[in-house]
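See below for the structure under consideration.
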Amino acid sequence: MRTKEQLTEDIRDNKRAVLVVNTHSRRGRLLYEAARDRLIEAGFTLLGACAVDRPRQLPHILAEGLAKQPDLLIAGGGDGTISTAARLLAHQDAALGLLPLGTTNNFARTAHTPLDLGEAVEVLVKGKVIDLDLGLAGDEPFTNHVGVGLSAEVMLKAPRPLKRLLGRYAYPLTALGLLARHEPLRITVRTAGRSHDFRSHQVYVANGGHHAGRPIAGDADADDRLLVAYTVGGPSRRELLVETARNAARGPSRTLREEPFLAVDELWLETDRPARVEVDGEPAGSTPMRIGLAANALRVMAPVDAPDR
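Per the numbering used here, the sequence shown runs over residues 78 to 386.
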């Protein structure tokens, strides 16, 4: 394995890359050709470039791209696309390049990548390689979060046309429609000999620093060797709505030392009935589930001023 400094130098000097864009992401179809052209203009040698129309083909196409041995595997799309690429690149001697083309772009925000296409390409040209943590839902790596309860229903049922039209605001609108029928869960989070019990419609376990396109807390990120577990509101539907609004308003000003956060490196999550689980926006079975951490498992091309621990 090259050091981060060696890999950064090789990316800047040789610019050997593979580009894979999910055209089902919010801006993927619109910006694929522009992304490819900008990368070529910036001097990249594209060992492969592919616009993926069928998301189920992403793991195979990304694996084919990595087999070409690029220094940089560039993934364009939303959080699901980035998470798929991150699982493939975990502990590999190549870096992930981010083109945030999705709805909320949580991991790109956590990695300090600008959402503008031209600025994101500039990071790939002039940035540096950093290493970030990945979460582990069972044995499955993830970049952003595990959601249990209402969010899993929302991710499954949010209409694609609504996401294209409204972006991240499609999710709360879908949640409002589902909430009337959703029953609260009894949730137990076990951490290092302690047990924490809650009643809520929703619990998250975050690896990254953003959720729904907003900061979770001012000091939450994907490079701190911590997972952050937190419920959203209590058992009443009103509490869920109030807490969701409060989280959106107060995210940057909160710290992980405050309630309702539990900042740990491993936990076991149980519910009183099997509850659907989504991992980075994709269905991932049901509770109970062990959630752990793979420290510094992923190398990412980030801005030169991005923090790196």
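Yeah, the Cβ is synthetic: ideal placement off N, Cα and C, and Gly gets one too.
From the DSSP output, in three-state form, read off residue 351 for me.
coil
Taking the Cβ atom as the reference point for each residue, do residue 346 and residue 266 lie within a distance shorter than 7 Å?
yes
Report yes or no: do the segment 119-126 and the segment 167-175 share at least 3 C-beta pairs separated by less than 8 Å?
no
Residue 340 to residue 311 span [Cα, whole Å]:
19 Å
Report the rounded CA-to-CA distance for residue 95 versus residue 151, giving the unit in angstroms.
6 Å
List in chain order: all unbroken beta strand (DSSP E) runs of 3+ residues lying wholly within the segment 296-366.
304-308, 339-341, 344-348, 353-356 and 359-363
Let me know if residue 279 comes out buried or exposed under the rule of 16 or more other beta-carbons within 10 Å of its beta-carbon.
buried
Which of helix, strand or coil does DSSP assign to residue 285?
coil
Just to confirm my understanding: we take residue 332, look at its own chain, exclude 5 residues before and 5 after, and list those with CB closer than 7 Å. What are they?
294, 295 and 296
Tell me which residue opens and which closes the alpha helix (DSSP H) that residue 181 is part of.
Where residue 181 is concerned, there is no enclosing alpha helix (DSSP H), given that its DSSP letter is neither H nor E.
In terms of residues, what are the limits of the beta strand (DSSP E) holding residue 218?
217-219
DSSP-derived helix/strand/coil call for residue 160:
helix
Would residue 186 be called buried (16 or more neighbouring beta carbons within 10 Å of its own) or exposed?
buried
Once you ignore the five residues that flank residue 380 on each side, which residues in its own chain have a CB closer than 7 Å to its CB?
189, 200 and 204
7 Å Cβ cutoff met for residue 98 and residue 153:
yes
On the three-state DSSP scale, how would you describe residue 92?
coil
Own chain residues within Cβ distance below 7 Å of residue 126, not counting five before or after:
96 and 113
Do you know offhand how far residue 183's Cα is from residue 142's?
24 Å
Quick one: give me the first and last residue of the alpha helix (DSSP H) that residue 137 is part of.
135-144
Once you ignore the five residues that flank residue 229 on each side, which residues in its own chain have a CB closer than 8 Å to its CB?
352, 353, 354, 355 and 360
Quick one: grab the DSSP three-state call for residue 202.
helix
Below 8 Å CB to CB, which residues in the same chain sit around residue 195 once its five sequence neighbours on both sides are set aside?
115
Let me know the secondary structure DSSP gives residue 175 once reduced to three states.
strand
On the three-pair Cβ rule with 8 Å, is the segment 318-333 touching the segment 212-222?
no
Per-residue DSSP class, three states only, for residue 122:
strand
For residue 88 and residue 260, what's the separation of their Cα atoms in angstroms?
50 Å
Where residue 265 sits in the DSSP three-state scheme:
strand
Would you list the residues sitting across from residue 274 in a DSSP beta bridge?
265
Closest to residue 287 by CA distance: which of 168, 263 and 222 is it?
222
Give a yes or no on whether the C-beta atoms belonging to residue 349 and residue 263 are separated by under 7 Å.
yes
CA-to-CA distance, residue 375 to residue 385, given in whole angstroms:
12 Å
Reduced DSSP category for residue 426 - H, G, I as helix; E, B as strand; rest coil:
This structure cannot settle anything about residue 426, because the visible part of the chain is limited to 78 through 386.
For residue 292, I'd like the list of residues in its chain whose CB is within less than 7 Å of its CB, leaving aside the five on either flank, ordered along the chain.
286, 328 and 329
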